[in-house]
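Protein chains: 2
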Amino acid sequence: MDIDQRLLGYKEVKETLNLAAANYVASLYYLERNFVEGVLLDIGSTTTDIIPFRHGEKLYAKNDLDRMLAGQLLYHGCLRTPLSAIACEINFRGGRIKPASEFFAITADIYNILGEIGNYSCETPDGRDKNHVESMQRVARMLCSDFDELGEDEIVKLCEAFREVQIDSIKYNVKRVMEDFKIDRVFLAGIGDFLGRRVCSRLKVEFKLLKEVTEVYNNLPCLGLAEALNDEGD
Amino acid sequence: MDIDQRLLGYKEVKETLNLAAANYVASLYYLERNFVEGVLLDIGSTTTDIIPFRHGEKLYAKNDLDRMLAGQLLYHGCLRTPLSAIACEINFRGGRIKPASEFFAITADIYNILGEIGNYSCETPDGRDKNHVESMQRVARMLCSDFDELGEDEIVKLCEAFREVQIDSIKYNVKRVMEDFKIDRVFLAGIGDFLGRRVCSRLKVEFKLLKEVTEVYNNLPCLGLAEALNDEGD
Chain H
11 MDIDQRLLGY
21 KEVKETLNLA
31 AANYVASLYY
41 LERNFVEGVL
51 LDIGSTTTDI
61 IPFRHGEKLY
71 AKNDLDRMLA
81 GQLLYHGCLR
91 TPLSAIACEI
101 NFRGGRIKPA
111 SEFFAITADI
121 YNILGEIGNY
131 SCETPDGRDK
141 NHVESMQRVA
151 RMLCSDFDEL
161 GEDEIVKLCE
171 AFREVQIDSI
181 KYNVKRVMED
191 FKIDRVFLAG
201 IGDFLGRRVC
211 SRLKVEFKLL
221 KEVTEVYNNL
231 PCLGLAEALN
241 DEGD
Chain R
11 MDIDQRLLGY
21 KEVKETLNLA
31 AANYVASLYY
41 LERNFVEGVL
51 LDIGSTTTDI
61 IPFRHGEKLY
71 AKNDLDRMLA
81 GQLLYHGCLR
91 TPLSAIACEI
101 NFRGGRIKPA
111 SEFFAITADI
121 YNILGEIGNY
131 SCETPDGRDK
141 NHVESMQRVA
151 RMLCSDFDEL
161 GEDEIVKLCE
171 AFREVQIDSI
181 KYNVKRVMED
191 FKIDRVFLAG
201 IGDFLGRRVC
211 SRLKVEFKLL
221 KEVTEVYNNL
231 PCLGLAEALN
241 DEGD
């Protein structure tokens with residue numbers, strides 16, 4: 011399937027650039043036909059997709075740069091993103107502080123500490139354990155400190171501050187995409203859907219959790235492809 | 011020399027934490043005795059120190075966390091800092107865009123492209139060359155693009171936008187430290203002094219380039235130690 015949702019024969023595959031994003035395009039094929047219109051909010055380990063869809067139209071931007079400019083692709087996710095790239099400044103002890111510009115801790119560490127995720131799949135920045143104490147050590151290093159210097163309460167507050175910044179970024183862009191295309195409902199997907207719920211609740215918008223709609227929601231692109239093949243057979 | 015500028019005998023060295031920052035403390039010893047008061051703005055490859063000094067007083071914060079909170083330590087420099095940690099959002103094509111949260115390009119790339127630095131000492135993120143074209147490729151990746159997608163003019167503008175963010179951050183904190191201690195002049199050091207000049211000129215404050223004051227300015231800590239030893243001998 012190419013970027014325009016056209017099914018291609020093997021010999022037609024010439025422009026690989028048009029295929030690069032085929033995964034979410036196939037997902038949209040499924041969503042458009044089953045839910046007519048909406049915004050797909052798919053928060054993954056590394057990136058967040060905020061993709062508008064309406065059956066019969068192609069609303070989404072078609073390459074990564076245009077998607078970033080349109081607020082449809084955010085290059086942060088709920089596992090692999092370095093905290094230094096989440097917040098260039100963060101609230102701490104009543105002031106604003108710039109965290110260390112190093113690969114010390116990742117979003118998986120804050121969501122691990124805050125109890126939002128269980129045993130996560132990606133590597134840790136320092137190659138050490140994924141338990142709460144090690145995660146807290148890594149987060150403390152973002153302020154050039156260690157666990158004892160800050161203590162558990164302050165590290166938890168710091169994690170909450172990072173989470174706020176990430177939620178704000180997603181919220182701002184979901185609102186923007188919804189307004190751009192006059193769409194009023196959201197479909198949540200991805201391992202970061204716990205963030206998506208908070209975003210929708212703060213925006214006071216209706217949302218559907220895709221994993222409640224279909225058990226195979228992780229295979230959305232395949233569902234879309236199957237549906238496309240089926241439609242073509244009609 | 012410990013964090014309080016006391017020369018220690020070998021046997022007195024018990025608290026290594028008090029020695030960690032001895033380098034800038036020794037530099038201050040030299041500066042206080044030769045220039046009485048000022049703010050040392052030392053922009054290095056990885057971090058930026060903004061340290062107030064006044065002969066006979068200890069104005070500076072004494073550990074990294076307190077220094078960060080006081081705006082006296084910024085964890086970004088002019089070579090090694092990932093661009094994703096410099097700007098969480100950047101002006102581009104009239105809008106705001108969040109660059110990729112990856113270790114694609116560093117500050118050395120932007121100052122290389124902008125002609126501010128020559129052959130720099132640190133490694134590149136992708137292990138490839140340090141010429142302008144390779145630097146531009148790396149910077150383009152920050153927007154999930156390549157050189158051809160953006161073109162040279164747009165990449166240069168992007169570099170200028172990153173430089174603006176870094177200058178603003180330094181400027182804000184230099185102003186803050188100068189006001190906190192009612193000091194009106196700056197002493198510039200470090201390989202990033204080209205940024206320091208811009209900061210001072212925008213703040214309209216008097217500055218002295220330490221490399222014009224002494225040829226061995228890279229050895230400021232040693233000068234400070236020598237002076238301290240000399241004073242003790244008096």
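Protein sequences, first through last, are from chains H and R.
Take this note's numbering: the last position of the first sequence gets the number 244, and nothing is skipped along the way.
Take this note's numbering: the last position of the second sequence gets the number 244, and nothing is skipped along the way.
Note that beta-carbon positions come from the ideal geometry of N, C-alpha and C, so glycine has one too.
Handout entry: Under the three-state DSSP convention, the category Glu126/H falls into
Key = One-based indexing of the first sequence puts residue 126/H at position 116. DSSP places Glu126/H in coil when its eight states are reduced to three.
Exercise for the section: Report the three-state DSSP secondary structure of Ile194/R (helix, strand or coil). Expected result: The residue given as residue 194/R occupies position 184 in the second sequence. Ile is not the amino acid found at residue 194/R; the sequence shown has Asp there. DSSP places Asp194/R in coil when its eight states are reduced to three.
Practice task
Quick one: residues in its chain with C-beta nearer than 6 Å to the C-beta of Val46/H, no 5 flanking neighbours on either side, listed in chain order?
Solution key: Numbered from 1 along the first sequence, position 36 holds the residue referred to as residue 46/H. Excluding sequence neighbours, Val46/H sits near His65.
Handout entry: Lys185/H - DSSP class collapsed to helix/strand/coil
Key = In the first sequence, the residue the question calls residue 185/H occupies position 175. DSSP places Lys185/H in helix when its eight states are reduced to three.
Practice task
Kindly indicate if chain H contains any beta-carbon less than 7 Å away from that of Leu213/R.
Solution key: Position 203 of the second sequence holds residue 213/R. By this cut-off, Leu213/R is not an interface position.
Exercise for the section: Verify the CB distance criterion: does Asp163/H have a CB-CB separation below 7 Å to chain R? Expected result: Reading the first sequence from its first residue, position 153 is the one you call residue 163/H. No, Asp163/H lies away from the interface with chain R (no Cβ there is under 7 Å from its Cβ).
Problem - 8 Å contact criterion, which Val187/H and Gly81/H should meet: CB distance rounded - result: Taking the first residue of the first sequence as position 1, residue 187/H is located at position 177. Taking the first residue of the first sequence as position 1, residue 81/H is located at position 71. So it is a contact: roughly 6 Å between Cβ atoms.
Problem - DSSP beta-bridge partners of Asn101/H - result: Counted from its first residue, the first sequence places residue 101/H at position 91. BP columns for Asn101/H point to Arg106/H.
Problem - Sub-7 Å separation of Gly54/H and Gly105/H beta-carbons - result: Numbered from 1 along the first sequence, position 44 holds the residue referred to as residue 54/H. Numbered from 1 along the first sequence, position 95 holds the residue referred to as residue 105/H. No; because the gap between Cβ atoms is not below 7 Å, this pair is not in contact.
Exercise for the section: Could you pull out every residue in the same chain whose Cβ sits closer than 7 Å to the Cβ of Pro109/R, ignoring the five residues on either side in sequence? Expected result: Looking up residue 109/R in the second sequence gives position 99. Counting only Cβ-Cβ distances below 7 Å, and skipping sequence neighbours, we find Leu93, Ser94, Ala97, Ile100, Met152 and Leu153.
Handout entry: Neighbouring residues, chain H, relative to Met78/R (Cβ below 8 Å)
Key = For the purposes of this step, residue 78/R is taken as residue 68 along the second sequence, with counting starting at 1. Neighbours of Met78/R on chain H, chain order: Ile107, Lys108, Leu153 and Cys154.
Exercise for the section: Would you check if the stretch 68 to 79 of chain H and the stretch 195 to 206 of chain H touch, i.e. whether three or more CB-CB distances between them fall below 8 Å? Expected result: no
Handout entry: Beta-carbon contacts of Val71/H that lie in its chain and below 7 Å, excluding the five residues immediately before and after
Key = Residue numbering aside, residue 71/H sits at position 61 when the first sequence is read from its first letter. A quick correction: the sequence has Ala, not Val, at residue 71/H. Correct list, in chain order: Arg77, Ala80 and Gln82.
Problem - Cβ neighbour criterion (16 or more within 10 Å) applied to Gly125/H - result: Locating residue 125/H in the first sequence gives position 115, counting from the first residue. Exposed.
Practice task
Inspect the CB distances between the stretch 216 to 223 of chain H and the stretch 114 to 128 of chain H and report whether three or more fall short of 8 Å.
Solution key: no
Exercise for the section: Report all residues from its chain with a CB closer than 6 Å to the CB of Arg138/R; omit the five preceding and five following residues, and keep chain order. Expected result: On the second sequence, position 128 is the one that residue 138/R refers to. Here the set comprises Glu144.
Handout entry: Runs of alpha helix (DSSP H) wholly within the stretch 112 to 175 of chain H (minimum 4 residues, chain order)
Key = 117 to 123, 142 to 151 and 157 to 160
Problem - Glu67/R versus Lys167/R: straight-line alpha-carbon distance, rounded - result: In the second sequence, the residue the question calls residue 67/R occupies position 57. In the second sequence, the residue the question calls residue 167/R occupies position 157. C-alpha separation (whole angstroms): 44 Å.
Problem - Same chain, Cβ closer than 7 Å to Gly48/R, neighbours up to 5 away in sequence not counted - result: The count along the second sequence starts at 1 and reaches residue 48/R at position 38. The residues are Leu41, Phe63, Ile193, Arg195, Val196 and Phe197.
Exercise for the section: Would you identify the three-state DSSP class for Ala238/R, choosing helix, strand or coil? Expected result: Position 228 of the second sequence, counted from the first residue, corresponds to residue 238/R. In the structure shown, Ala238/R sits in a helix (DSSP, three-state: H, G or I).
Handout entry: Distance CB(Tyr34/H)-CB(Asp14/H) smaller than 7 Å
Key = Here residue 34/H refers to the residue found at position 24 when the first sequence is read from its first residue. Here residue 14/H refers to the residue found at position 4 when the first sequence is read from its first residue. Cβ distance not < 7 Å, so Tyr34/H and Asp14/H don't count as in contact.
Practice task
Specify the secondary structure class of Ala95/H as computed by DSSP and reduced to three states.
Solution key: Within the first sequence, the letter at position 85 stands for residue 95/H. Here Ala95/H sits in helix by DSSP.
Exercise for the section: Consider the C-beta atom of Asp136/H and the heavy atoms of the ligand MN; say whether any pair is separated by less than 6 Å. Expected result: You won't find the ligand MN in this model; it holds no ligand whatsoever.
Exercise for the section: Could you name each continuous beta strand (DSSP E) segment of 3 residues or more that falls completely within the stretch 55 to 87 of chain H, going from the start of the chain to the end? Expected result: 58 to 64
Handout entry: N-terminal and C-terminal residue of the alpha helix (DSSP H) that Leu219/R is part of
Key = Residue numbering aside, residue 219/R sits at position 209 when the second sequence is read from its first letter. Not the alpha helix (DSSP H): Leu219/R falls in the beta strand (DSSP E), residues Glu216 to Leu219.
Exercise for the section: Would you please verify whether the beta carbon of Tyr34/R is less than 7 Å from any beta carbon of chain H? Expected result: For the purposes of this step, residue 34/R is identified with residue 24 of the second sequence, where counting begins at 1. Closer than 7 Å: no.
Problem - Best match in Ser155/H, Glu112/H, Asn129/H and Glu164/H for proximity to Pro135/H [C-alpha to C-alpha] - result: Translated into positions along the first sequence, residue 135/H becomes position 125. Checked all of Ser155/H, Glu112/H, Asn129/H and Glu164/H; the closest Cα to Pro135/H is Glu112/H.
Problem - Cβ of Asp119/H within 7 Å of any chain R Cβ - result: Translated into the one-based positions of the first sequence, residue 119/H becomes position 109. It does not; no Cβ of chain R falls within 7 Å.
Handout entry: Residue of Ser179/H, Asn73/H, Ile107/H and Ile127/H minimising C-alpha distance to Asn183/R
Key = Reading the second sequence from its first residue, position 173 is the one you call residue 183/R. That would be Ile107/H, whose Cα lies nearest to the Cα of Asn183/R.
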